[in-house]
Each structure stands twice: as C-alpha cells, then as structure tokens.
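2 protein chains.
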Amino acid sequence: MKISIIGTGAVGRILASKLVELGHEVKIGTRNVSDTLANNAKDTYGNPAFKDWHAANSKVGLGTFTETAAFGELVINATNGGNSLTALKLAGDKNLAGKVLIDIANPLDFSKGMPPSLLQGLNNTHSLGEEIQDAFPKTKVVKTLNTMSCGLMVNPNMIGGGDHINFISGNDNEAKSKVRKLLKEFGWRDENLLDIGDITGARATESVLPIWLKVMGVIKTGAFNFKLVK
Amino acid sequence: MKISIIGTGAVGRILASKLVELGHEVKIGTRNVSDTLANNAKDTYGNPAFKDWHAANSKVGLGTFTETAAFGELVINATNGGNSLTALKLAGDKNLAGKVLIDIANPLDFSKGMPPSLLQGLNNTHSLGEEIQDAFPKTKVVKTLNTMSCGLMVNPNMIGGGDHINFISGNDNEAKSKVRKLLKEFGWRDENLLDIGDITGARATESVLPIWLKVMGVIKTGAFNFKLVK
C-alpha cells in the first residue's frame, strides 16, 4: 500500500522504516525539504539528523507535506500535536479527502514545564483527534497508537510477549478495519486492539498521557504499556 | 486501627465491610444520619437502601461527617468527587488535621451526559486530590484506588490473580507507607503499588477515568484493571 507519513521526527521515522520493511511504499513529509536535509543537528531527544537517517533509509520517499499527502492512499499524522493542524492544513484538504488518516499525535503542552500537560481546549471535553476530524470532514480519522512510545508502536513484541493494549477510535468502521489490518502487520494481536467507538474516544486515549508520563518518570523507560486485565 | 469513611455510597460501604472484616474499627459518615436511615430507596446503581446494608453490617459505626472524621486516625474520602470539598468541610479541618486522608474520589461531571467528563477546573493542570490537599494543608492526602471499581479496590484477587496496578501519590512519604500497608491488607502486592510521587500525581490518576469509562462501556463490566507491562 502507498502510505504517507506527515512528520519527520522519531515517530515518523520508525513508522516509515517499519512500513518499508513490511513491503509498503512510503513517503515521509516535511514542511521544507531543503531545510530538513540541511539540518546537521541531532534532535532534542538525541536522534540523528534526518539526513543521516534518510541516507540509511533511502527507500523512503521524501517530500513536502503537500506532495506527501498526495502520494498515499493512507496518511499517518506523526507530527507534534501542537503543530498537527498547521501541518495537515499545509498537506491540503484535497490531498486528504476520502482517505484514512491515522492520528498518532498527542496535544502536549510543554510551555508549563515538565511533565507536559494537555493543550488548553484540546482535553477533557475535546481532543486533537476530534479537532482533526472536524477540520477535515471528508477524511476518515482513526486515532490509535498514541498511548505508547514509538518503538512499541511498530514492535509490540518488544515487551510482555506483545500482550498489551492498543486502543482504536474513529467514526468510520471500514477505516478502522483497514487500520486494524495494518496494526496486525506490526505484530498487534486482534484481541489487544480495542475499538472504543467513535472519534470522541480520542479524548480518552489522549488523557492516558498524564499517567503514561508519570509512570515513565518513575520507571525511567518508555518501553512499557498497559495490559487490560479482566 | 480506627478508620473513618466519609460517604455512604457503594464505595464507602464496600470499604467499611472489608475494613471490619480485617479487624479495624470503622465509622461511616453521612451528612444527616436520620435522613440517611429514613431513606428506603435503592440508589441509582441499584444498591440496597443504606439502612438495609447497615443492618447487615452492624459493626460499622454511623455518624455525621463531623463525628465520623473525629473518630478515626485515618480518614477515607469515599464521596462523589463533585461533593467532596463540601463534605470534607463539614467533617471539619480540626478533625482532619494531622491525619492521613485517603482520597478515592474522582471529579466526574455528569451534567454533560454520559460518559461523564472531568469537572472544569479539576482536570489537566489541577486535580481533586490537590484541591483537597490545598484546602486541608495540615492533612496528609494520599490519592489511591481511584482508577478501578470498588469491588476491586478491596479484592484485587478478583481478576488476573491480583496482578494489576494501583497508583499512589501524595506529599508525605510516611503517610504513603501507612496507606501501602493498608492496601496490602486488601490483597495488593507491593510490586503493583506504584508510587508516582507527590499529590500532583492525582492529575494523572484522575485522568485515567476517561479511558476507564470507555473500556467499561465496551466490555460491559467494571471488573477490570490495567497491568503495567515492561
């Protein structure tokens, strides 16, 4: 499948590598291609400069947000939550219309110190997932994978034999089925993919971030997740 | 130990029964004792009238919020989150000063329909646990048990061999140790009691409610919890 990834950070890169490994055609999008390739610095998390990553992952196409969104039949929003709307607007309504958009982003507000809170207006009674769905009504937004670190997203078997939970929400059942199929390619088991209903489910999964961040602060690793015990 | 329970709903009752069974002296508090005993109706969740429950649990003392708070060396807030501050103010600052207060309540807002959201002003960058700690600075507030149904609070072994998580937060380490000991009496294993730091941890555990409510809506039972997989 042709897949577009919006965002060249750690999340976008790990998804791009894995999707290529799985045999998909992938293009990754950035605001300004030449600026991104000219940047020699590691990112704030110590990840290599994009151009070094891209040299080692040359099967991944590179384009502007617009070119990237136009490329795929499925689009993944892997931008920083605070910039997602801007990036997706640059990607363009017509390039997203009719497509499934997997939204992995979290509306984190780093302005008040660490750990971040959720952005005002995008928490409790609203969410980033809903904000994106509202802004792009012809796009089928599916919220998933936003409750874990990016390594686990594409490799659930990294911990606990892969037996832990990933939530899915969205208004379109066919879109959710398509996303579920892709998640299974990553190694997710059907019984651990919990459909929590329409896109208002994003309020719930984005609200997992505060406890996720607290736990990460205590156990000093992001390589963890929660398993549903019943 | 002499333990006070503020709130005569399902949570307060199940805690009272269990604590008596464990050999503690327990008093349960209500706003108006004669009104509570005069009420013959089941509650909104179908639980029996308080007086029927109390007849079957006669070892549990009954008093006003004030009398109850004065009784115990440890106090448990088992009121509805929206009423907690009012109830605790009636219980009285002097009856709570110097004591450990276990806060189990969640600031749920049922006014916007189901599932409830969190109350405005008590979410994301604030929490009920902090609000209580701010209102009663001489009291040692410990937030715990608020991320599960009340049956599980006192009987973790009901599911998954008891192997699932319960978070603890609070500003006073000695108070947290005392609470941890009590939780172990309920059957909680030390390794599943995760101390997430000071009382700002209440922001994180109260934020678990949205996903908890979504999951309950999907699996149609409250008899579930999450296990930390790492």
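Just so you know, the sequences run in chain order A and B. So for the first sequence, the numbering used here puts the first residue at -8; every next one is plus one. So for the second sequence, the numbering used here puts the first residue at -8; every next one is plus one. Quick reminder that beta carbons are idealized off the backbone N, C-alpha and C, glycines included. From a predicted model like this one, the values you see are computed outputs, not experimental measurements.
Original post:
So, helix, strand or coil for B:D84, using DSSP?
Top reply: Here B:D84 sits in helix by DSSP.
**OP:** Verify whether the separation of the beta carbon atoms of B:P106 and B:K211 is less than 8 Å.
**Re:** No, they are not a contact pair.
**OP:** Could you tell me how far apart the beta carbons of B:I150 and A:K221 are, in whole angstroms, since I believe they sit closer than 8 Å?
**Re:** 6 Å between Cβ atoms; contact.
**OP:** Check the Cβ of A:I190 against every Cβ in chain B and list those closer than 7 Å, keeping chain order.
**Re:** Close to A:I190, with beta-carbon spacing below 7 Å, lies no residue of chain B; the smallest spacing is near 12 Å.
Subject >> alpha helix (DSSP H) segment containing B:G192, residue limits >> reply: Residues 192 to 197.
Subject >> Beta-carbon gap between B:A60 and B:G83 smaller than 8 Å >> reply: Yes.
Subject >> Cβ-Cβ separation, B:N146 to B:G178 (assumed contact under 8 Å), whole Å >> reply: Contact flag correct, Cβ pair sits at about 6 Å.
Subject >> Listed by chain order, chain B residues near A:V11 by CB distance under 8 Å >> reply: Near A:V11 there are no residues of chain B at all, since even the closest Cβ is about 28 Å away, more than 8 Å.
Subject >> Where A:I156 falls: helix, strand or coil (DSSP) >> reply: The answer is coil: DSSP assigns A:I156 none of H, G, I, E or B.
Original post:
Using 8 Å as the limit for Cβ to Cβ distance, is A:V220 near chain B?
Top reply: By this cut-off, A:V220 is an interface position.
**OP:** Measure the alpha-carbon distance for B:T135 versus B:F158 and round it to whole angstroms.
**Re:** C-alpha separation (whole angstroms): 6 Å.
**OP:** Kindly list, in the order they appear in chain B, the residues whose Cβ is closer than 7 Å to that of A:H155.
**Re:** Among the residues of chain B, those whose CB is under 7 Å from the CB of A:H155 are V220, following chain order.
Original post:
Can you tell me where the alpha helix (DSSP H) with B:N164 in it begins and where it stops?
Top reply: Counting along the chain, B:N164 sits inside the alpha helix (DSSP H) bounded by residues 164 to 177.
Subject >> Residues near A:I248 in its chain [Cβ-Cβ closer than 6 Å; skip 5 each side] >> reply: Absent from the model: residue 248 of chain A. The displayed extent of chain A is -8 to 221, so no value can be given.
**OP:** Report yes or no: do three or more beta-carbon pairs, one from the region 160 to 175 of chain A and one from the region 21 to 28 of chain A, lie closer than 8 Å?
**Re:** The answer is no - the region 21 to 28 of chain A does not touch the region 160 to 175 of chain A, with fewer than three Cβ pairs under 8 Å.
**OP:** Please work out which residues of its chain come closer than 8 Å, Cβ to Cβ, to B:A1, disregarding the five sequence neighbours upstream and downstream, and give them in chain order.
**Re:** The residues are D34, Y36, N38, C141.
Original post:
For the putative contact between B:G153 and B:R180, defined by C-beta atoms under 8 Å, what is the C-beta separation to the nearest angstrom?
Top reply: Contact holds; Cβ gap of about 6 Å.
**OP:** Whole angstroms is fine: what's the gap from A:G213's alpha carbon to B:N31's?
**Re:** Rounded to whole angstroms, the separation of the alpha carbons of B:N31 and A:G213 is 51 Å.
**OP:** Classify A:E64 as helix, strand or coil using the three-state DSSP reduction.
**Re:** Judged by DSSP in its simplified three-state form, A:E64 adopts coil rather than helix or strand.
**OP:** May I ask which residues mark the beginning and end of the beta strand (DSSP E) holding A:E16?
**Re:** Counting along the chain, the beta strand (DSSP E) containing A:E16 begins and ends at 16 to 21.
Original post:
Would DSSP call A:T222 helix, strand or coil?
Top reply: Not covered by the structure: residue 222 of chain A. The range shown for chain A is -8 to 221.
Original post:
CB B:H169 to CB B:V91, shorter than 8 Å?
Top reply: Sequence check: residue 169 of chain B is Lys here, not His. A contact, by the Cβ cut-off of 8 Å.
Subject >> Inter-residue spacing [alpha-carbon to alpha-carbon] between A:E176 and B:L113 >> reply: When rounded, the distance between both Cα atoms is 40 Å.
**OP:** Identify which residue in A:Q111, A:L99, A:H117 has its Cα closest to the Cα of A:N137.
**Re:** Per the Cα distances, A:L99.
Subject >> Through-space distance from A:A69 to A:Q124, alpha-carbon basis >> reply: The straight-line gap from Cα to Cα measures roughly 15 Å.
Subject >> Contacts that A:F101 makes with chain B (C-beta to C-beta distance below 8 Å) >> reply: Taking the beta carbon of A:F101 as reference, no residue of chain B falls within 8 Å; the closest one sits roughly 13 Å away.
**OP:** Could you tell me which chain A residues have their CB closer than 7 Å to the CB of B:F215, listed as they occur along the chain?
**Re:** Under the 7 Å cutoff, chain A gives L219, V220, K221.
Subject >> Residue interval of the alpha helix (DSSP H) (run including A:V51) >> reply: Boundaries for A:V51: no alpha helix (DSSP H) harbours it, and the DSSP string shows neither H nor E there.
Original post:
Between which two residues does the alpha helix (DSSP H) carrying A:F101 extend?
Top reply: Membership of A:F101 in any alpha helix (DSSP H) is not indicated, and neither H nor E is assigned to it by DSSP.
Original post:
Hey, B:L28 and B:K50 are a contact pair by Cβ (cut 8 Å); roughly how many whole angstroms apart?
Top reply: Cβ atoms of B:L28 and B:K50 stay farther apart than 8 Å, at about 17 Å.
**OP:** Using a Cβ cut-off of 8 Å (strictly closer), state whether A:N164 contacts chain B.
**Re:** So, not an interface residue.
Original post:
When you compare each of A:I202, A:I(-4), A:K218, A:W203 to A:L87 by their alpha carbons, which one comes out closest?
Top reply: It is A:I(-4).
**OP:** With DSSP as the reference, label B:G142 as helix, strand or coil.
**Re:** In the three-state reduction of the DSSP assignment, B:G142 falls in the helix class, which pools H, G and I.
Subject >> Cutoff 8 Å: A:R22 Cβ touching any chain B Cβ >> reply: No, because no Cβ of chain B sits closer than 8 Å to the Cβ of A:R22.
Original post:
Closer than 8 Å, CB to CB, is A:I95 near chain B or not?
Top reply: When Cβ-Cβ separations below 8 Å define contact, A:I95 makes no contact with chain B.
Original post:
Roughly how many whole angstroms lie between the Cα atoms of B:H155 and B:L185?
Top reply: Straight-line measurement puts the Cα of B:L185 at about 10 Å from the Cα of B:H155.
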